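Just so we're aligned: 65 in the numbering used here is position 65 of the sequence shown, and the numbers increase by one with no gaps anywhere.
This report concerns only the one structure given below.
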Amino acid sequence: MVSEEPELIKSVLPSSLVAIYPGSFDPITNGHLDLIARSSRMAGRLIVAVLRNQSKHPLFSVEERLEMIADVVKPYPNVEIAAFEGLLVDFAASRGATMIVRGIRAVSDYELEWEMALMNRRLKPEIETVFLMAGEEYSFISSHLVKEVAALGGNVSDVVPPSVEQRLKKRIAAKKG
Ligand code: PNS
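Below you can see the structure in the form of structure tokens.
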């Protein structure tokens, strides 16, 4: 369940603040959605940005991932979606974003996130990275594990939105068939 909270935080933050939540989102999980719900209250606009990265072998195309995200962010009117390539900070700047949002699950996430945040700050000091702790019920969820469990016939209904679960089932069946 994505938490429903009072609008208090929004009332004390500048509505002109544009934040960006980048990632691979292959596919979007309930953990990502929790981060979107929470960070959308911290900014006037939140851009969920999917990396176009030809070097990986994704299960879903960028367009499919954007469709899945669009479907589940409908309840959040200030959330937009986009795809990007190249440097994240350049894309953020091109959209007027001054805040990068990343989720931290376990300590194991910290090192890579620390490196990326410092590199991004070196590249564009005017853009700040803000880390949100993953909700405790989501702190073990990753797109990678979701795909593995789904591919092996496990139940992922409580870790991804229903529309994503359906797409996963279809894609995996098509791959097997
Ligand atoms: O969901 P992910 O795979 O953890 O997201 C990683 C992402 C997309 C945030 C990161 O790979 C990224 O920002 N890539 C864009 C290229 C870039 O700016 N690289 C330098 C980052 S320090």
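Ideal Cβ placement from N, Cα and C applies to all residues, glycine included.
Only a predicted model underlies this, so the values are computations on that prediction, with no experimental measurement involved.
DSSP three-state assignment for residue i, whether helix, strand or coil
{"i": "Leu123", "result": "helix"}
{"i": "Leu17", "result": "coil"}
{"i": "Arg52", "result": "coil"}
{"i": "Met116", "result": "helix"}
{"i": "Leu145", "result": "helix"}
{"i": "Arg95", "result": "coil"}
{"i": "Met1", "result": "Unreliable positioning characterises Met1 in this predicted model, as indicated by a pLDDT of 48, which lies under 50. The coordinate reading is nonetheless provided below. Coil, per DSSP."}
{"i": "Ile104", "result": "strand"}
{"i": "Met42", "result": "coil"}
Contact belief for residue i with residue j at Cβ below 8 Å, rounded distance in angstroms
{"i": "Arg65", "j": "Val50", "result": "5 Å"}
{"i": "Ala97", "j": "Ile47", "result": "6 Å"}
{"i": "Ser163", "j": "Met68", "result": "6 Å"}
{"i": "Val149", "j": "Thr29", "result": "That belief does not hold up - the Cβ atoms of Val149 and Thr29 are roughly 11 Å apart, past 8 Å."}
{"i": "Val73", "j": "Ile81", "result": "7 Å"}
{"i": "Pro75", "j": "Arg167", "result": "Not a contact, Cβ separation roughly 19 Å."}
7 Å CB neighbourhood of residue i in its chain, flanking five on each side removed
{"i": "Arg52", "result": "Val62, Ala83, Phe84, Glu85"}
{"i": "Ala151", "result": "Ile172"}
{"i": "Ser15", "result": "Gly44"}
{"i": "Arg102", "result": "Glu113, Thr129, Phe131"}
{"i": "Lys147", "result": "Leu59"}
{"i": "Met1", "result": "Residue confidence is low: Met1 scores 48 on pLDDT, short of 50, so the model does not pin down where it sits. Its coordinate-derived value is still stated next. No residues qualify anywhere along the chain."}
Strand pairing of residue i, partner residues [DSSP]
{"i": "Ala82", "result": "Ala49"}
{"i": "Glu128", "result": "Met99"}
{"i": "Gly23", "result": "Val50"}
{"i": "Met68", "result": "None, per the DSSP bridge assignment."}
Cut-off 6 Å between Cβ atoms - residues of its own chain near residue i, not counting five sequence neighbours on either side
{"i": "Gly135", "result": "Asp34"}
{"i": "Glu128", "result": "Met99"}
Residues passing the C-beta test against ligand 1 heavy atoms, cut-off 6 Å
Result: Pro22, Gly23, Ser24, Leu51, Leu87, Leu88, Met116, Met119, Asn120.
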